[in-house]
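Q: What follows is a single structure, and I will ask about it in a moment.
Residue numbers (the numbering used here), protein chains in the order written: chain R, 1 to 482; chain L, 483 to 796.
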C-alpha cells in the first residue's frame, strides 16, 4: 500500500479508530492490531512475501531468547551468525543473486572461460533491506548485551513489521522502538496534531515536489543521448529534488503516522541540502542508515581509532557498502565511492565534525562563506546523484561528458517546458519553506503555530489544494526498490 | 481524543466548502478548447452515418467531407492524433451512449504499433481533463485509475493542472480541424528522410499488449452487437506494406468485419510528394486514399444490396 494512495487514505482512519476505541487502550490488543494492520498493509502489495517477514521475525525472536540463556561464547557467536546468515541470506538472494552471477560470468569470460548460467527472474520483496537491518540491529544488540531480549512475541512482531516504517524506514533500532511497544500508550492531542502536520508536509514533498520533478528527471535521463549539456544539468537538478522529496517525504509521513498511534520514530532527514560540507550532509541525509552503518560496521571495523590507512579503509568500506545497499548495480557502488572521496579530505584533516549546528542559526540569511560552502556541497551532491540515477556506468559517463561540453551553454530543450516553469516556481517556494523551518524537525513544524486559526487553516488548505492540483497517477516511492 | 476527531471533521467540512470555489475552473475549461469534437460527442451532437476513428493516420489520411459529398452519407472524422485503440473504444462507447447509431465505422490501423505498448499512441487523458465536468468523462477516468472515487465529491480531485490554464486554446498548424472533423495537412515535415523502405516488413506478436488486444476485440464486439458495419483500414506508409501485420490483424478480426488494404501498386504511395512524413499522407495523398475508400464503400454497398436482394428473392 502506498502512502499517497486512496487505499491508505481509507486504511489509516480505520486503523486509527480501531486502535484508540476498539482496543479500549489495552496494550496487548493495540500491539496485536498493529501486527494485523501491518501485515494487511504489506500484503496489499504481495501477501506471499509476508512469509519472509514472519520467518525473519520467528528466527530473530527465538535467537534473542536463546542468546539470553546461552553462556558459551562459541554458541552465542553461532546464534548471532545464524541470524546474520538467515537475514543477509534472504537479502542476498532476492537482491544480489543476479548481480553476482552476471559479474562472475563477465569476470570468467575476461579470463577466457565461458560459463553458462541463467539468471533468475526474481521479484525483490518491497522493504527487505529496511526490515532486515532493523531485525539485525535487535540480534546484534542482544548479543552485545546492550538490550534485553523480549519475551513478548506480539510486541516483537509489531516492532519488525510496524507499518509506518516497514517498507522504507526510518530503520529503527530495537533499543529505541521496541520498548515503546511495552509501554501503555495514551492519546496525546499535541502529538497527533503535529503528526497530521508532518503527514501533510510529507505528502507535499512526495506529490508536489518529487513526482513532478520525476516527470522531467525521467524524461531527461531516459533520453540523455539527445539532450544538450544545460538540459542534462537541469535533469540532474530535478533528480536531486525528486529523491529528496520522495524519500524524506516518505519519512515524514512515516513519522507523522507513528505519532498518531503514540510512537516516536527517529529522525531520518535534517535539511541535508543546506549542509556546508559532505560530512554534515551525511549527518543529515538518511540518518537512520548512516548511523546503522556507523554503529554496526564502521565502529566494529575499528572506526577512526587506527592509523590513517585504517581510517581510509573503513571510510571507503562503509560508503561502498552503503552504496551497494541501495541496489545491485555498479552505479550505486561508484556513488558510494564518490562520496567516500568527497568525505576523505575532511576526515584526514580532522574537519569532519566542524558544522554540527544548523546553518545560520537564529539568522535570516547565511553568510557569504556559509552560502558558498552550501553551494559547493550541493554541487558535489548533484554530481554524485548522476551515478545514482544512471542506468549503468556508461550512461553516467556519457551524461557527465555531455555536461562538460560546449552544449552546457545552449538553451535547455525538453518537452512541456511551460509546466516545468510551474514546477520550478514550486521548487523555489519549497526551498524557501525548508529554509525558514530548518531549525525545526520538519519545514512547517513551527510555521503558523502562533497564527489565528483562519490563517493557519488557510495555510493547510493551500497546501492540500496544491497537492490535489499537482497530483498525477499514484507513483511508487523510489526507496521501495531498495 | 474526541476533540481531535471533532477538529478533523470540522476541518474536513471547511475543506469541502473551500473546494467548491474551484468549480469555476471546471466550468470554464470546455469553453476554452478549440477542438470541440469530444464535447459534441458527449452532448449527443454527432449524429452521422459514417464515423471515422483512428490516430493521426485516421485524422490526416481520410477526408470525411469527401466521403459525405461522394456517397451522400453524412460523415464525421473522430480520429485523434496519438490515440490508441483503448481511446477509440472509449469514443465508440460514448458515441453509442449519447448519439444516433452510425451505419458504418471506419477504423484506421497503425502499422505496426496498433496492438503494442509504445510512446506514440496512448489513451488521450489530456483530451478528457478539459471536459472533467461531465460525469461520463470523470467516470471513465476513475475506471482507468487516472482518478479515484474522491473525484465524485471533490472538485480539486476532479480537476488537473490543465484546468488552470484559462487562456483560449488555438489550433496549431498541426491540428487544424477542417469541416467534418478531418485534419489533413498541406506541408511536408522537415524531419522526414523519405527513404522508401522496400524490404519486407516484419511483425512480432510477442510484443503485443493484452489490454490493447482486448480493446480491439471489444471494439469489434460493440460494432457487431449494434449492427454497425465495421471497416478496418490499412493506410499507406512510405514503405512496403506489412503483410505480417495484416495477417495478424486478420487472425484477430471477426468474420463479419471487412478489411481494406490501400492499393499497394498505386504509384502515388511511392511518391514522396504525397506524403507529410513516412507515416502520414499530405492532403493530395489523402484525397487519393479517400477516393479508394469511397470506391470500397460503394462496392460494399453494392454487395449488401445484392445480398439483401438475394435474401428477398429466397
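By construction, the Cβ of each residue, glycine as well, lies at the ideal position given by its N, Cα and C atoms.
Compile a chain-ordered list of the residues in the region 646–666 of chain L whose CB is closer than 9 Å to at least one CB of chain R.
A: 646, 647
Q: Bridge partners of residue 559/L, per DSSP?
A: Note: residue 559/L sits in a beta bridge opposite 534/L.
Q: Please decide whether residue 470/R counts as near chain L, where near means a Cβ-Cβ distance under 8 Å.
A: yes
Q: Between residue 508/L and chain R, is any beta-carbon pair separated by less than 8 Å?
A: no
Q: What are the boundary residues of the alpha helix (DSSP H) that includes residue 574/L?
A: Residue 574/L -> alpha helix (DSSP H) spans 567–580.
Q: Say whether chain R places a C-beta atom closer than 8 Å to the C-beta of residue 500/L.
A: yes
Q: In or out: residue 356/R buried (at least 16 other Cβ within 10 Å) or exposed?
A: exposed
Q: Within 8 Å (strictly less), CB to CB, does residue 187/R reach chain L?
A: yes
Q: Quick one: Cα of residue 400/R to Cα of residue 382/R, how far?
A: 11 Å
Q: Return the residues of the region 541–575 of chain L that lie within a Cβ-Cβ distance of less than 8 Å from chain R, sorted by chain order.
A: none
Q: Would residue 149/R and residue 65/R be called neighbours here (beta carbons separated by less than 8 Å)?
A: yes
Q: Using only the alpha-carbon positions, how far apart do residue 84/R and residue 90/R sit?
A: Each residue's Cα considered, the two are about 10 Å apart.
Q: Using a C-beta cutoff of 8 Å, does residue 19/R count as contacting chain L?
A: no
Q: What residues in its chain sit with their C-beta under 7 Å from that of residue 796/L, if we drop five residues either side in the sequence?
A: Here residue 796/L scores only 40 on pLDDT, less than 50, and its place in the model is too uncertain to base an answer on.
Q: Take residue 434/R and list the residues in its own chain whose beta-carbon comes closer than 7 Å to its own, dropping the five residues that flank it on each side.
A: 271, 443
Q: Measuring straight from C-alpha to C-alpha, what distance separates residue 305/R and residue 373/R?
A: Taking the straight line from one Cα to the other gives about 28 Å.
Q: Under the rule that 16 or more other beta-carbon atoms within 10 Å means buried, what is residue 449/R, buried or exposed?
A: exposed
Q: Locate the beta strand (DSSP E) running through residue 740/L, then write down its first and last residues.
A: 740–743
Q: Any beta-carbon of chain R closer than 8 Å to the one on residue 734/L?
A: no
Q: Since residue 705/L contacts residue 549/L with CB under 8 Å, what's their CB separation in whole angstroms?
A: About 18 Å; that fails the 8 Å criterion.
Q: Are residue 623/L and residue 635/L touching if we call contact CB-CB under 8 Å?
A: No, they are not a contact pair.
Q: Are the CB atoms of residue 535/L and residue 574/L nearer to each other than 8 Å?
A: yes
Q: With which residues is residue 757/L paired in a DSSP beta bridge?
A: 763/L
Q: For residue 319/R versus residue 339/R, is the C-beta distance shorter than 8 Å?
A: In this structure, the beta-carbon distance from residue 319/R to residue 339/R falls below 8 Å.
Q: Distance cutoff 8 Å, beta carbons only. Does residue 630/L sit that close to anything in chain R?
A: yes
Q: Name, please, each residue of chain L whose Cβ falls closer than 8 Å to the Cβ of residue 457/R.
A: 493, 496
Q: From the beta carbon of residue 483/L, is the nearest beta carbon of chain R less than 8 Å away?
A: Yes - at least one Cβ of chain R is within 8 Å of the one on residue 483/L.
Q: Which of the three DSSP states, helix, strand or coil, is assigned to residue 604/L?
A: strand
Q: Using the Cα positions of residue 37/R and residue 186/R, report the straight-line distance between them to the nearest angstrom.
A: In a straight line, the C-alpha of residue 37/R is about 19 Å away from that of residue 186/R.
Q: Quick one: grab the DSSP three-state call for residue 721/L.
A: strand
Q: Give every residue of the same chain whose Cβ lies closer than 8 Å to the Cβ of residue 660/L, excluding the five residues on either side of it in the sequence, and list them in chain order.
A: 545, 547, 666
Q: Would you mind giving the Cβ-Cβ distance between residue 168/R and residue 127/R, rounded to the nearest angstrom? I have them listed as a contact below 8 Å.
A: So it is a contact: roughly 6 Å between Cβ atoms.
Q: Could you tell me the distance, in whole angstroms, from the CA atom of residue 258/R to the CA atom of residue 486/L?
A: 16 Å
Q: Anything in chain R within Cβ reach of residue 643/L, meaning under 8 Å, just list it in chain order.
A: What residue 643/L touches in chain R: 419, 422, 469, 470.
Q: Please list, in chain order, all residues of the same chain as residue 740/L whose beta carbon is under 6 Å from its beta carbon, the five residues on each side excluded.
A: Within the same chain, 713 come within 6 Å of residue 740/L by CB-CB distance, once the 5 residues on both sides are set aside.
Q: Between the Cα of residue 298/R and the Cα atoms of 317/R, 255/R, 455/R, 188/R, which residue gives the shortest distance?
A: 317/R
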